[in-house]
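Going by this note's numbering, the final residue of the sequence shown carries number 324, and the count climbs one at a time with no gaps.
Built from N, CA and C at the ideal position, the CB exists for glycine as well.
The block underneath contains the structure these notes are about, expressed in structure tokens.
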Amino acid sequence: MKSRFIITFIALAVLKTASAQPDTGKVYLFSYFKNNGKDGLHLAYSYNGYRFTALKNDSSFLVPVLSKDSLMRDPCIIRGADNKFHMVWTVSWNDRGIGYASSTDLIHWSEQQYIPVMADEPLARNCWAPEITYDAKKKQYMIYWATTIEGKYPADTAVERGYNHRMYYVTTKDFKKFSKTKLLYDQGFNVIDATIVPDGGKFIMFLKDETRTPPQKNIRVATSTKLTEGFSFPSSPITGNYWAEGPTATKIGEQWVVYFDKYRDHKYGAVASKDLVSWEDISDKLRMPAGIRHGTVFIITRQEFAKLQQGLQQ
């Protein structure tokens, strides 16, 4: 009996090891918000990109102070060319600006800055889910977001309060001076939650088709050789028979992994692909903090993570 027990134990251990995702040698961080975004920025970490654990006992790293609503929804963090962490976020459901702050260690943040990106559009109803992508060739950042401008595109006021979004953008080199706002993406449908990542000589945009009738509510892919223009008509959906939003993407080994919020199901999902054409649902591999909402994934080194952990203990 004892020998059978040992053999069974070893077999189970081998199976568990084989099914576990490999340690990549990096640390994946995930920025996110909870509930309505009133308490601000949350961070989680993972050594393999699949199992995330909340940092700081899942308490806030930064409490929002901007706009009348003082929200910090959809926090997007990237590492800049200056080695700082730059963050933008949604400050309100119906404001014409977004929030910005920076940090060198993810613990201590600069003064929060309101960027009035749609101030010149008096009929702009909102600025949702801003993101940042760095253009290494032009040595500048592009900030982009979804806005509905009342009356600009046909909308059914009886459906989702008449929203009909398109993606807009500004560029900046220093987060102090910004270009004029321009249209980034319009392929004739309601689009939100775009996120863009560089891939060799092109840029990949993951976006949400927000069409309500007939319902889409899925994630699709578009590409361009330029960051600020030329993105293609989107692919067919890469997500399944559920409503998804807030995509964020990274490479794990040879695979692209796209995380997203299954917001009707109150849980996170993910799909993976090696060629950006054939996608596999890997949601069953994910372990995310309870209550996690729309955020972004980014990578730091083991040494940086050690400093972050040390800083949180002080």
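Beta-carbon within less than 6 Å of residue i's beta-carbon, same chain only, minus the 5 sequence neighbours each way: which residues are those?
{"i": "Asn45", "result": "none"}
{"i": "Gly47", "result": "Leu81, Met82 and Arg83"}
{"i": "Ala346", "result": "Given a span of 11 to 324 for the chain in the structure shown, any question on residue 346 remains unanswerable."}
{"i": "Ile214", "result": "Val207 and Thr233"}
{"i": "Ser13", "result": "Unreliable positioning characterises Ser13 in this predicted model, as indicated by a pLDDT of 42, which lies under 50. A coordinate reading is not provided."}
Comparing alpha-carbon positions, which option in the options lies nearest residue i?
{"i": "Thr114", "options": "Thr223, Gly90, Gly47 and Met298", "result": "Gly90"}
{"i": "Val37", "options": "Asp49, Thr63, His175 and Gly47", "result": "Thr63"}
{"i": "Ser80", "options": "Gly321, Ala111, Thr235 and Gly50", "result": "Gly50"}
{"i": "Tyr179", "options": "Gly161, Lys78, Ala111 and Asp203", "result": "Asp203"}
{"i": "Ser41", "options": "Gln320, Lys66, Thr34 and Gly35", "result": "Lys66"}
{"i": "Val401", "options": "Ala300, Met298, Thr258 and Pro299", "result": "Not covered by the structure: residue 401. The range shown for the chain is 11 to 324."}
{"i": "Leu217", "options": "Gln226, Pro224, Val231 and Ala300", "result": "Val231"}
{"i": "Asp209", "options": "Lys261, Arg176 and Thr181", "result": "Lys261"}
{"i": "Lys277", "options": "Gly301, Val101 and Thr100", "result": "Gly301"}
Mind checking which residues open and close the beta strand (DSSP E) that includes residue i?
{"i": "Phe308", "result": "Arg303 to Ile310"}
{"i": "Trp155", "result": "Gln150 to Thr157"}
{"i": "Ile87", "result": "Arg83 to Arg89"}
{"i": "Lys261", "result": "Glu255 to Ile262"}
{"i": "Asp294", "result": "Per DSSP, Asp294 belongs to no beta strand (DSSP E) and is neither H nor E."}
{"i": "Ile248", "result": "Looking at the DSSP string, Ile248 is not in any beta strand (DSSP E), and its letter there is neither H nor E."}
{"i": "Val127", "result": "Segment: none, Val127 is in no beta strand (DSSP E) and carries neither H nor E."}
{"i": "Gly279", "result": "Lys277 to Ser283"}
Mind reading off the beta-carbon distance from residue i to residue j? Whole number of angstroms is fine, and I expect it under 8 Å.
{"i": "Phe241", "j": "Tyr173", "result": "The pair is not a contact, with the Cβ atoms about 21 Å apart (cut-off 8 Å)."}
Apply the 10 Å Cβ neighbour rule to residue i and answer buried if 16 or more other Cβ atoms are within range, or exposed otherwise.
{"i": "Arg303", "result": "buried"}
{"i": "Asn93", "result": "exposed"}
{"i": "Leu133", "result": "exposed"}
{"i": "Thr167", "result": "exposed"}
{"i": "Ile16", "result": "Low confidence applies here, because Ile16 scores a pLDDT of 39, under 50, leaving its location unreliable; read the following figure in that light. Exposed, since its Cβ has fewer than 16 Cβ neighbours within 10 Å."}
{"i": "Gly35", "result": "exposed"}
{"i": "Thr311", "result": "exposed"}
{"i": "Glu264", "result": "exposed"}
{"i": "Leu22", "result": "Confidence at Leu22 is low in this model, with a pLDDT of 41, below 50, so its placement is unreliable and the value that follows should be read with caution. When all chains shown are included, Leu22 counts as exposed."}
Going along the chain, which residues of its own chain have a beta-carbon closer than 7 Å to the beta-carbon of residue i, five neighbours each way excluded?
{"i": "Gly250", "result": "Asp291"}
{"i": "Gln319", "result": "none"}
Spatial neighbours of residue i within its chain, please: CB distance less than 8 Å, with the 5 preceding and 5 following residues excluded, ordered by chain position.
{"i": "Glu131", "result": "Arg106, Thr157, Ile159 and Thr191"}
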